[in-house]
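Residue numbers (this note's numbering): 426 to 529.
For each residue, glycine too, the CB sits at the ideal point set by N, CA and C.
Here's the structure, in structure tokens; my notes come after.
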């Protein structure tokens, strides 16, 4: 009961706390906005595809041998690393090298 009476008598005090919290939130929001960096899309190297093809990546046509897909993927991945192919383009390049049953 004392708490209720105390909070009623301190209405101005609660208003001050709410106002102070609002000021803190506004200040914090401004500080966050000052440090936000605009998004920069990764730069796409238009010649990367041509360089990739010039390295003669192996074609994968599918197989029953469970080791062959892993070997092919390792080879393609090494070519990606050497050629600095952006992650966003790797699926496109690799799928270009799939033939026959491997495509499906």
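Should residue 510 be labelled buried (16 or more other beta-carbon atoms within 10 Å of its own) or exposed? That one is buried.
Using alpha carbons as the reference points, say which of 460, 478, 489 lies closest to residue 519. Closest option to residue 519, Cα to Cα, is 478.
Alpha carbon to alpha carbon, how far is residue 505 from residue 455? Whole-angstrom Cα-Cα distance: 42 Å.
Can you tell me which of the three DSSP states residue 509 falls into? DSSP places residue 509 in coil when its eight states are reduced to three.
Going by DSSP, what residue range makes up the alpha helix (DSSP H) through residue 477? First-last of the alpha helix (DSSP H) with residue 477: 473–479.
Reducing DSSP to helix, strand and coil, say where residue 449 ends up. Here residue 449 sits in helix by DSSP.
Apart from the five residues just before and just after residue 492, which ones in its own chain have a Cβ nearer than 8 Å to its Cβ? Closer than 8 Å at Cβ, skipping near neighbours: no residue.
For residue 523, which three-state DSSP category applies? Correct three-state label for residue 523: strand.
How big is the Cα-Cα spacing for residue 458 and residue 451? Each residue's CA atom was taken as its position, placing residue 458 and residue 451 some 11 Å apart.
To the nearest angstrom, how far is it from the Cα of residue 487 to the Cα of residue 465? One C-alpha to the other measures close to 38 Å.
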